[in-house]
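Remarks on the structure that follows.
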Amino acid sequence: MKDITKYIPFAEKACDFFTNSPDPYHSVKNNVEKIEAAGFVRLSKRDAFAGKIEIGGKYYYTFNKTTLVAFSVGPQYQAGNGFKIIGGHTDSPNLKVKPYSKNSGSGCVMLGVECYGGGLWHTWLDRDLGISGRVLVRENGKVTQKFVKIHKPIARVSSLCIHLKTAEERKALNVNKETHMAPILGTAGILMDGVKKQLTGSTGSSNSSDDGEEQDFWRDHHDPILLELIAKELGVEVKNIADFELNLFDTQPACLGGMADEFLYSARLDNQATCFVSIEGLIAHTNGDAFEKDCDIAMVCLFDHEEVGSASAHGAGSPVVSEAIRRISTALSDHPGTLNPDLYSASIRKSFILSVDQAHAIHPNFPSKHEKNHSPYMNAGVVVKTNQNQRYTTNVVTGFIVRELVRKAGIHPIQEFVVRNDCPCGSTIGPILSANTGIRTVDMGMPQLSMHSCREVMGMVDLTNGLELFGAFFQHFREVDDCLEG
Numbered sequence: 005m006k007d008i009t010k011y012i013p014f015a016e017k018a019c020d021f022f023t024n025s026p027d028p029y030h031s032v033k034n035n036v037e038k039i040e041a042a043g044f045v046r047l048s049k050r051d052a053f054a055g056k057i058e059i060g061g062k063y064y065y066t067f068n069k070t071t072l073v074a075f076s077v078g079p080q081y082q083a084g085n086g087f088k089i090i091g092g093h094t095d096s097p098n099l100k101v102k103p104y105s106k107n108s109g110s111g112c113v114m115l116g117v118e119c120y121g122g123g124l125w126h127t128w129l130d131r132d133l134g135i136s137g138r139v140l141v142r143e144n145g146k147v148t149q150k151f152v153k154i155h156k157p158i159a160r161v162s163s164l165c166i167h168l169k170t171a172e173e174r175k176a177l178n179v180n181k182e183t184h185m186a187p188i189l190g191t192a193g194i195l196m197d198g199v200k201k202q203l204t205g206s207t208g209s210s211n212s213s214d215d216g217e218e219q220d221f222w223r224d225h226h227d228p229i230l231l232e233l234i235a236k237e238l239g240v241e242v243k244n245i246a247d248f249e250l251n252l253f254d255t256q257p258a259c260l261g262g263m264a265d266e267f268l269y270s271a272r273l274d275n276q277a278t279c280f281v282s283i284e285g286l287i288a289h290t291n292g293d294a295f296e297k298d299c300d301i302a303m304v305c306l307f308d309h310e311e312v313g314s315a316s317a318h319g320a321g322s323p324v325v326s327e328a329i330r331r332i333s334t335a336l337s338d339h340p341g342t343l344n345p346d347l348y349s350a351s352i353r354k355s356f357i358l359s360v361d362q363a364h365a366i367h368p369n370f371p372s373k374h375e376k377n378h379s380p381y382m383n384a385g386v387v388v389k390t391n392q393n394q395r396y397t398t399n400v401v402t403g404f405i406v407r408e409l410v411r412k413a414g415i416h417p418i419q420e421f422v423v424r425n426d427c428p429c430g431s432t433i434g435p436i437l438s439a440n441t442g443i444r445t446v447d448m449g450m451p452q453l454s455m456h457s458c459r460e461v462m463g464m465v466d467l468t469n470g471l472e473l474f475g476a477f478f479q480h481f482r483e484v485d486d487c488l489e490g
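227 is the number that my numbering gives to position 223 of the sequence shown; each next residue is one higher, with no gaps.
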């Protein structure tokens, strides 16, 4: 049996990240904490970057607290040099709490939720669900944003027992997203008693306006017990909760598994795996000896809303990347604060994007779903994705660059994925970023099974394979690119 123990510490670190990142807010928050500890400086998007960015510096900023841009300026940078960008996404399919979430039925207190993205919704049945997200809180005349993560099984979407299903229903495994996916929070007989105590003031958390404050009718549309739970977790009063954006998550922690601990089982591997490894790669690059020779900008952009098309103010379809390149180039120009259009265009032509989203490993129970010559295995290397109909951006040049990076760095070879001609092909942020920016792009990812399930699986060795490839990209891209005929 092959000894893979050297890969375990990095995989266990990844498990901690996945468990503590149940939504885009916490994913960005946890990565921000890491890069701040590594010396990255926060930039304000509302202020000019000129005068704040220096050669050799490390910086970051966020959008909506769910999209992260982090970058380092190579010590040998000169105006007009390129950007080495790794792109990923922070969101995953999940159940999001509706604006009016109060719901009930058949003696149960329930929660109104909306299915976000293209989940395998039957896999959410009978899971122990916690709740997390962002809460707006009134404090001292202002509204602040707080993150909440209740890692406790407070909700459950129960399946219908086999005895009450017809033969057709057993065979079909159909889930109606509107009527079958409402989580149960508790029984009305018990929870409603708690509500009565609140309304009579026994808990000190009344939603009434007896204290002279104006009634907030938004709270009337959410279960008082839920509001009380959130308020307790945040250490605030219910009356000060102004609004929230919450989602449910599987409370089972990420862990290693398989006979040799070669697998990593977790929710949201698509695409928290990229979020974790890309930031780890950027930090390692800036801490390594090769950074002193870097003449480009090394950047990681992690976007929200990929699972629903990326068309938002902070998704990959937004100006986030183009604006970052323009603002950084302006701040570092020979005349700071002034952008040279010619040098900016030259910078675009010298730049490259790794669009990194999880890839489809071949499934041993469904091998016919893969094209026989392009069937990636788990724990066998990062996958380059190609589709001539432009669902992926990889072409002969961008694919060669990745393979040449691997060859030059002497790391694990890549695998190739092409979808079958008789099978639909997914897509990701690659084509969107490439079309919006004009930057050469390759689509790639670490292979996994059960994509979009409530709980997914990947080979834990591939986390290190990804880290090494990202390091090779940051270190060797300029050398490889300069050898290519323009």
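Note that the Cβ used here is the ideal one computed from N, Cα and C, for glycine as well.
Quick caveat, the model's predicted, so the values are computed rather than measured.
Annotation: K102 is outside any alpha helix (DSSP H); the continuous beta strand (DSSP E) that includes it extends over N98 to G109.
In this structure V45 does not touch Y29 by the C-beta definition: roughly 21 Å separates them, more than the 8 Å allowed.
Using a Cβ-Cβ distance cut-off of 8 Å, the segment 245 to 257 and the segment 285 to 305 are not in contact, since fewer than three pairs of beta carbons, one from each stretch, lie closer than that value.
Measuring C-alpha to C-alpha distances from P368 to each of Q362, D361 and Y381 identifies Y381 as the nearest.
Residue state for F370 is assigned as coil, using DSSP reduced to three classes. Secondary structure note for Q452: its beta strand (DSSP E) is the uninterrupted segment P451 to L453. At a Cβ-Cβ threshold of 9 Å, I366 and F87 do not count as neighbours. The shortest C-alpha to C-alpha distance from D20 to any of E489, F280, I245 and Y11 is the one to F280.
The shortest CA-to-CA distance from P26 to any of K156, F404 and E232 is the one to K156. For D254, DSSP records a beta bridge to L133.
Residue pairing from DSSP places V152 in a beta bridge opposite G137. Note on geometry: alpha-carbon atoms of G403 and P451 lie some 17 Å from one another. Put simply, of M114, G137, I436 and Y81 the residue whose alpha carbon is nearest the alpha carbon of M196 is M114. In this structure, DSSP gives E249 an extended state, which the three-state scheme calls strand.
Collapsing the DSSP output to three states places P187 in coil. Annotation for K88: the continuous beta strand (DSSP E) segment containing it runs F87 to H93.
Short of 8 Å from the beta carbon of S48, and not among the five residues preceding or following it, lie these beta carbons of its own chain, in chain order: Y65. T445 carries a strand assignment under DSSP once its states are collapsed to helix, strand and coil. When the five nearest sequence neighbours on each side are left out, the beta carbons in the same chain lying within less than 6 Å of the beta carbon of H374 are those of I366, in order along the chain. In the structure shown, V179 adopts coil according to DSSP, grouped into three states. Along the segment 398 to 474, the beta strand (DSSP E) occurs as fully enclosed runs of 3 or more residues at 419 to 422, 444 to 449, 451 to 453 and 460 to 463, listed in sequence order. Annotated three-state conformation of H364 is strand, per DSSP.
Beta-bridge annotation (DSSP): E118 is paired with K100.
Across the structure, M5 and A264 are spaced so that their CA atoms are roughly 9 Å apart. The bridge partners DSSP lists for S76 are K62 and A302. DSSP places P380 outside both helix and strand once states are collapsed to three, so it counts as coil.
For C279, there is no enclosing beta strand (DSSP E); the enclosing alpha helix (DSSP H) covers residues L273 to N291. Comparing C-alpha distances from T23 to each of E58, F75 and G134 shows the shortest one belongs to G134.
A Cβ-Cβ separation of about 5 Å places G61 in contact with V77 under the 8 Å criterion. L124 sits in coil when the DSSP states are folded into three classes, being neither helix nor strand. Per DSSP, reduced to three states, the secondary structure at R46 is strand. Rounded to the nearest whole angstrom, the C-alpha separation of K181 and W125 is 8 Å.
Pairing K236 with R138, the inter-Cα distance amounts to about 15 Å. With a cut-off of 8 Å on Cβ pairs, the segment 143 to 153 is not in contact with the segment 90 to 103, counting fewer than three such pairs.
Taking a 10 Å sphere around the C-beta of H226, we find 16 or more other C-beta atoms and assign the residue as buried.
Looking at A52, A41 and R459, the one whose alpha-carbon comes closest to that of N275 is R459.
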